[in-house]
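What follows is a single structure, written as structure tokens, with notes after it.
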Amino acid sequence: MSKRAHRYLPDADGWVPAARRVPSPNFDERPAGMPVDLVVLHNISLPPGQFGSGDIEAFFQNRLDPNKHPFFATIHQVQVSAHFLVTRQGELVQFVPCTQRAWHAGQSDFFGRARCNDFSIGIEIEGCDDLPFTLAQYDTVAALVPALLAAYPVRAIAGHSDIAPGRKTDPGPHFDWARFARQAGVAPGMLPYQCPGSAGQVTNP
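Be aware that the sequence shown starts at 1, since it is given in this note's numbering, and climbs by one per residue.
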């Protein structure tokens with residue numbers, strides 16, 4: 001493993017050395033004995049369609065200013081956080097240790113397994129459904145995900161829209177799953193929604 005790749009491996013407490021740490025209060029303990037076996041990819045932009053404002057970090061830390069933008073008045077009391085954010089520049093930010101349950105997926109179902117927060121790691125990619133992601137973002141996500149696979153018994157990678165269909169649309173139509181899989185070295189069998197024929201190998205014990 002290269003020196004760069006090693007920096008993406010979570011430590012014993014679930015923190016990734018390569019990430020800038022911005023602790024969020026929006027997490028709790030995973031159920032006892034619950035393995036971390038799913039990675040969920042999201043997109044987020046605050047205000048919607050705008051990037052680099054710092055408001056995502058504020059949102060995940062419960063300090064979003066409701067007067068800054070009309071949309072913020074509708075969400076500032078919502079308590080959510082992913083484990084990670086990948087900015088447009090490819091910077092990795094971590095809010096919650098991987099060992100804990102971040103509140104990122106909401107009502108969700110992974111092939112009959114409800115409450116995906118219990119067993120998943122959430123990665124927010126700064127973006128929206130209407131625009132492509134940056135090369136720097138693919139580089140960072142492709143470095144982080146293999147490290148998570150090395151550290152935890154991850155069996156699958158899914159989009160938020162896969163586990164919350166009809167309710168969520170992210171990471172959206174501009175996320176290039178084939179590029180991500182190729183760059184991260186992820187086998188098709190790890191992507192059960194993109195490669196439906198492989199679903200059995202990640203859902204069967």
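Glycine included, each C-beta is placed from N, C-alpha and C at the ideal position. Fair warning: this is a prediction, and the values are worked out from it, not measured in the lab.
Quick one: what does DSSP say residue 161 is sitting in, helix, strand or coil? For the purposes of this step, residue 161 is taken as residue 161 along the sequence shown, with counting starting at 1. DSSP places residue 161 in helix when its eight states are reduced to three.
Length of the line joining the Cα atoms of residue 173 and residue 195: The residue you call residue 173 lines up with position 173 of the sequence shown. The residue you call residue 195 lines up with position 195 of the sequence shown. One C-alpha to the other measures close to 16 Å.
In chain order, which beta strand (DSSP E) runs of at least 3 residues are fully inside the segment 115-189? Under the rule that a run must span 3 or more residues, the beta strand (DSSP E) segments found entirely inside the segment 115-189 read 120-126 and 156-159.
What alpha helix (DSSP H) runs, 4 residues minimum, are completely inside the segment 32-101? 55-60 and 72-75
Could you tell me whether the Cβ atoms of residue 37 and residue 141 are closer together than 7 Å? In the sequence shown, counting from the first residue as 1, residue 37 sits at position 37. In the sequence shown, counting from the first residue as 1, residue 141 sits at position 141. No, they are not a contact pair.
To the nearest angstrom, how far is it from the Cα of residue 117 to the Cα of residue 123? The residue given as residue 117 occupies position 117 in the sequence shown. The residue given as residue 123 occupies position 123 in the sequence shown. If I take the Cα positions, the gap works out to 12 Å.
Note down the Cα distance separating residue 130 from residue 168, rounded to an integer number of angstroms. For this step, residue 130 is matched to residue 130 along the sequence shown. For this step, residue 168 is matched to residue 168 along the sequence shown. In a straight line, the C-alpha of residue 130 is about 14 Å away from that of residue 168.
When we look at the beta-carbon of residue 87 and count the other beta-carbons within 10 Å, is it buried (16 or more) or exposed? Start at 1 with the first residue of the sequence shown, and residue 87 comes out as number 87. The residue is buried, with at least 16 neighbouring Cβ atoms inside 10 Å.
Would you call the segment 75-89 and the segment 54-63 in contact, with 3 or more CB pairs under 8 Å? yes
Cβ distance (whole Å) where residue 90 is taken to contact residue 137 below 8 Å: The residue given as residue 90 occupies position 90 in the sequence shown. The residue given as residue 137 occupies position 137 in the sequence shown. Their Cβ separation, rounded to whole angstroms, is 6 Å, which keeps residue 90 and residue 137 in contact under 8 Å.
Buried or exposed for residue 190, going by 16 or more other Cβ atoms inside 10 Å? Residue numbering aside, residue 190 sits at position 190 when the sequence shown is read from its first letter. Its Cβ being crowded by 16 or more others within 10 Å, residue 190 is buried.
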